[in-house]
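Peer 1: In the working numbering, the protein residues as written are 64 to 1042. Glycine is no exception: its CB is placed at the ideal position from the N, C-alpha and C atoms. To start, I am sharing the structure in question, which I have written as structure tokens.
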Amino acid sequence: MAHTYSAGSLVRSRGREWVVLPESKPDLLVLRPLGGSDDDVAAVFPAFEKVEEARFAPPEPSDLGDQRAAGLLRTALRIGFRSGAGPFRSLAGIAVEPRAYQLVPLLMALRQKTVRMLISDDVGIGKTIEAGLVASELLTQGEATGLAVLCSPALAEQWQQELRGKFGIDAELVLSSTVSRLERGLDLGQSLFDKHPVVIISTDFIKSPRHRDDFVRNCPDLVIVDEAHTCVTADDVTSSAQSQLRYQLLREVAKKESRHLVLVTATPHSGKESAFRNLLGLVKPELAQVNLDSESGRKLLAQHFVARKRADVRQYLTKEDGLSDDSLAERTVFPSDRYFKDETYKLSPAYRALLDDAIAYAGERVEQAGTEDKRKARIAWWSAIAMLRSLVSSPRAAAQTLVTRSATAVAASVKEADDLGAQGTSDSPDGDTMEGGDVAPGAETGEEGQDSRLAELAERAKELEGPTQDLKLKALIKHLKGLLADGHNPIVFCRFIPTAEYLAEQLGGVKEKGIRGALGAKTVVKAVTGTISPQQRIERIEELAAEAGEDAAARRVLIATDCLSEGVNLQQHFDSVVHYDLAWNPTRHDQREGRVDRYGQRRDEVRVITLYGDDNGIDGKVLEVLIKKHRQIKKDLGISVSVPDELSTGVTDAIVEWLLMRGREEQDTLFSADAFKVNTAKLESDWNSAAEREKASRSRFAQRSIHPEEVAREVTAVRAALGSTGEVDTFVRESLRALGALLREGGEDFTAQVGGTPMGLRDALAPVVGAEVIEKDHPIPFRADPAVARGEAALVRTDPVVGALASHVLNAALDPQADGARPARRCGVVTTDAVTTRTTLLLVRYRFHLTLPSRSGEKQLVAEDARLVAFEGSPKNAVWLTPEQSLELLDASATENTERHFGERTMSRILSQLTEFEDYLGMYGDELAADLRESHRRVRKASDEIVRGLSVVAQKPADILGAYVYLPAAPAAATGVSA
């Protein structure tokens, strides 16, 4: 009869030790290597392979380490844990160390049987991380079996990289460009979403009825919606057909009550109260109608809604948050402010003449079309706007627009003309898609005699290229040189692709065209536009950073269209923004600036330069009425409030209409015009109302369902199990020094050259940092801030470089025959004045068998934990110390040398009495199991169904990984030395 092994027990097979997993049966054992990960799980048939009960080998008394040995071994062991026993199962296995405030949405989610969340933290706080934490935990616990992320196609690959790199979640991209390939791999009658349970989907692709129905039928049980505010419509505003399709899709997805749904957006209101209510209705239908001014309404909302400003989380878990002290205080570094500077330029005489002639021509066309029919009038109107916007952008954009056929020319109705015209010239932050929005619009409408007039204007525009005639470019060069001289690396945002390409040529130079770069040989300039795919955009940015290199004198300038204004994080490489073209909706400016003004930006102040034409008839009015108003509201509230889109359009239409009808010279009288006054007054009133609503909602609906004390308790538990940042910092520095690395300090940060370390460590680091770094012994930068750039290592346990170092230190400690230096050892005898009697410290590894109830039934798990236990005196008469006293021994320093033979004899006597510890270690394991049960129940306290049947059992005996004896330095104080 086959021997039955319980889950968590230790067996030996195939020449190594394994942990028995709960999936095992008497005739088939599912095993995980001791200290290994789930990737190394194997199945063994006891009938065909030898399997025997095993016990972890005790330490060798002759393998003594120094005073650092215990701490280094403990940290190396804990860094290696990839599945914790606590309620946050996924935290040990992800490659990001979340900020304490980022645990709040996770805590809120775990209190719900079916997770329904609206995460609306401010730009740059880390909403993607927060949503990823929820997804990772639900998948790890088995509460979800699949995941779909709905997002813009421009952000799909970034989501894929974030999930894979930080959470170990591999997702398939479902885009218009990939769906054919994916469908070719399906079996007959099989749904794409059955074959691929984890997907990232373009919202605009999947919203069409043809694809939507299959998705809704086979939708995963967990859905994340990015930029969710673009997927709802307002009741009191006519929405586009595309917005309505997105809203219909989400309503179908949300209809299934058992489906987890996480909505993510920094702008839940977008200036429209009914849209906000519709968004809440997706989370929970009753939230669409509940009275949010009532206490019961606010309590209901608080269970599902989290919205915080940077000021709320910049300092967290402090006494100001209601905690007794600042021991857990966490400071998150955000730029403290944006420094705005509005810089003007004037048109050259030739450019002014071109603009005047274009305005006169456009005005004639609009006036003439107005006498014909409304459809032609709207076509002429959009053609005029396209012409004006391109002319004030650049000569290159103007020339292309003037010879390109307008998209509105084929419109069969007024509505179709407006829809097509807005796609090419609108700056709405809630546009149907960012893709294709940077293409220069056309102005040619096919009218008789139009071609020659426009062609003549286009030729004149081409002749204006270069800083001599294009004084806007000349002003940009001046301001960029100032930024570069001050050590900044700016992004220049343009409206159209031709403008971005033109600037890249003029600033960076083109040898083939004989154009010399205006910013000098040490400045690397590249352009990123919608002409390349989202993945190629990221690659080009990385190329730019790599080409600029680490040279302190080297500078980089990125020229970009608004294809990069949303979702892409650029704070690692850039620290200032230049608005070369004014957006006609100020929210777009905020989106651009948010690419660098976010968590991980190392500059305390982000510089923002806005270029505007003093005499082009448009820019000054847009800046005055829209951009400056938006800045002031953000300064007052601390958050961005979207301008109602139809109102900003009303103002810009009034500006253009006045310009076309009266010419550029009469623009000064615009502000006194009755029509303009009406539009701006309406804008001012509605925008102020939206700002007040936002201010009130931030106060009324501030996250109150999770108190900071609750977060502090869980953070303490997580750090106790997995280690703190300070512990990891000490481990990395001491281990690298002991292994022969060359460290160069730089405050909290440092660099390490590992050319002199053992071959095993260099081999482990090569796949992580790159073979060239190891071969050429380049310094590896280590940063205290976890937001690191590519090629840098963060001093957190989840960083791959730290993980590789910990694995090497642990393996070397467990193998006395390992080559090279071995910083951690399993034994040590230290003579110190930190103790007054002989004290023994044990590093113990516990294995726990967890039974976790879930919606899909019970899940059986085995998890590990490492603990320090210590006692004074002899093993037979041990006086056991508290966990805090045990931990303090790691800081004990040797005050005298300990004679080696004496140390070995002392260690031998202790190790010969290991059986004396088993009862206490077993009892302590039961206490830890009880604490873990309580922790699981506490986190899930809001749902009785989630905790019913929960159990945690400590597997016995525990493994003693290390034993360390501390002897009192003064002979007179050395009592109880005999064993």
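Going by other Cβ atoms of all chains shown within 10 Å of its Cβ, with 16 needed for buried, is residue 164 buried or exposed?
Peer 2: buried
Peer 1: Should residue 489 and residue 644 be called a contact, given that it needs their Cβ atoms to be closer than 8 Å?
Peer 2: Not closer than 8 Å, so no.
Peer 1: Classify residue 981 as buried or exposed, calling it buried when 16 or more other Cβ atoms lie within 10 Å of its own Cβ.
Peer 2: exposed
Peer 1: Shortest alpha-carbon distance to residue 686 belongs to which of 896, 715, 658, 598?
Peer 2: Ranking the options by Cα distance to residue 686, first place goes to 715.
Peer 1: The beta strand (DSSP E) that contains residue 645, what's its start and end?
Peer 2: Judged by DSSP secondary structure, residue 645 falls outside any beta strand (DSSP E); it is assigned neither H nor E.
Peer 1: Leaving out five residues before and five after residue 483 in sequence, what residues of the same chain have Cβ atoms less than 7 Å from its Cβ?
Peer 2: 470, 471, 474
Peer 1: Would you kindly work out how many angstroms separate the C-alpha atoms of residue 893 and residue 872, rounded to a whole number?
Peer 2: 21 Å
Peer 1: How big is the Cα-Cα spacing for residue 650 and residue 579?
Peer 2: 35 Å
Peer 1: Answer yes or no: do residue 459 and residue 446 have a C-beta to C-beta separation smaller than 8 Å?
Peer 2: no
Peer 1: At which residue ranges does the region 436-492 contain complete alpha helix (DSSP H) runs of 4 or more residues, listed in the order of the chain?
Peer 2: 437-456, 458-465, 477-488
Peer 1: In the structure shown, what three-state DSSP assignment does residue 902 receive?
Peer 2: strand
Peer 1: Taking Cβ to Cβ, would you say residue 507 is nearer than 8 Å to residue 514?
Peer 2: Yes, the Cβ-Cβ distance between residue 507 and residue 514 is below 8 Å.
Peer 1: Any chance you could list the beta strand (DSSP E) runs of at least 3 consecutive residues sitting entirely within the region 590-655, in chain order?
Peer 2: 618-623, 639-642
Peer 1: Report the CB separation of residue 152 from residue 200 in whole angstroms; it is logged as a contact under 8 Å.
Peer 2: Confirmed, Cβ separation roughly 6 Å.
Peer 1: Based on Cα-Cα distance, which residue from 995, 917, 204 lies nearest to residue 1012?
Peer 2: Check the Cα spacing between residue 1012 and each of 995, 917, 204: the tightest is with 917.
Peer 1: Would you kindly work out how many angstroms separate the C-alpha atoms of residue 852 and residue 581, rounded to a whole number?
Peer 2: If you draw a straight line from the Cα of residue 852 to the Cα of residue 581, it comes to about 28 Å.
Peer 1: Specify the secondary structure class of residue 156 as computed by DSSP and reduced to three states.
Peer 2: helix
Peer 1: Give me the Cα-Cα distance between residue 622 and residue 161, rounded to the nearest whole angstrom.
Peer 2: 32 Å
Peer 1: Are three or more beta carbon pairs between the region 666-684 and the region 392-411 nearer than 8 Å?
Peer 2: yes
Peer 1: Assign residue 1026 to buried or exposed, taking buried as 16 or more other Cβ atoms, counted over all protein chains shown, within 10 Å of its Cβ.
Peer 2: With 16 or more other Cβ atoms within 10 Å, it is buried.
Peer 1: If you reduce the DSSP assignment to three classes, tell me which class residue 674 lands in.
Peer 2: strand
Peer 1: Using DSSP with H/G/I as helix, E/B as strand and the rest coil, what is residue 807?
Peer 2: strand
Peer 1: Could you tell me whether the Cβ atoms of residue 824 and residue 868 are closer together than 8 Å?
Peer 2: yes
Peer 1: If you scan the region 921-968 from start to end, which runs of the alpha helix (DSSP H) of 4 or more residues do you find wholly inside it?
Peer 2: List check, alpha helix (DSSP H) in window: 946-951.
Peer 1: For the pair the region 780-788 and the region 134-147, tell me if three or more CB-CB distances fall below 8 Å.
Peer 2: yes
Peer 1: Quick check for students: name the residue ranges of the alpha helix (DSSP H) that lie wholly in the region 312-378, counting only runs of 4 or more.
Peer 2: 336-346, 358-365, 373-376
Peer 1: Taking the beta carbon of residue 40 as the centre, do at least 16 other beta carbons fall within 10 Å, making it buried, or is it exposed?
Peer 2: A query on residue 40 cannot be resolved here, the shown segment of the chain reaching from 64 to 1042 and no further.
Peer 1: Is it buried or exposed, residue 684, if we count other Cβ atoms within 10 angstroms and call 16 or more buried?
Peer 2: Counting Cβ neighbours within 10 Å, residue 684 comes out buried, since at least 16 surround it.
Peer 1: Does the distance from the C-beta atom of residue 895 to that of residue 992 stay below 8 Å?
Peer 2: No, these two residues do not count as a Cβ contact at 8 Å.
Peer 1: Would you mind giving the Cβ-Cβ distance between residue 197 and residue 212, rounded to the nearest angstrom? I have them listed as a contact below 8 Å.
Peer 2: Residue 197 to residue 212, Cβ: 12 Å. No contact.
Peer 1: Note down the Cα distance separating residue 1028 from residue 879, rounded to an integer number of angstroms.
Peer 2: 19 Å
Peer 1: Can you give the Cα-Cα distance for residue 1020 and residue 902, rounded to whole angstroms?
Peer 2: 22 Å
Peer 1: How many whole angstroms separate the CB atoms of residue 804 and residue 816, which I take to be in contact at a CB cut-off of 8 Å?
Peer 2: Between residue 804 and residue 816 a beta carbon distance of about 6 Å is seen, short of the 8 Å cut, so the two are scored as contacting.
Peer 1: Using only CA atoms, which one of 833, 821, 900, 1018 lies nearest to residue 1118?
Peer 2: Past the boundaries of the shown model lies residue 1118; the chain is included only from 64 to 1042, so the question cannot be answered.
Peer 1: Pairs of beta-carbons, one from the region 958-977 and one from the region 116-127, closer than 8 Å: are there three or more?
Peer 2: Contact holds: three or more Cβ-Cβ distances are below 8 Å.
Peer 1: On a CA-only basis, which of 601, 374, 401, 214 is nearest residue 695? Give me that one, please.
Peer 2: Out of 601, 374, 401, 214, 401 has the C-alpha closest to the C-alpha of residue 695.
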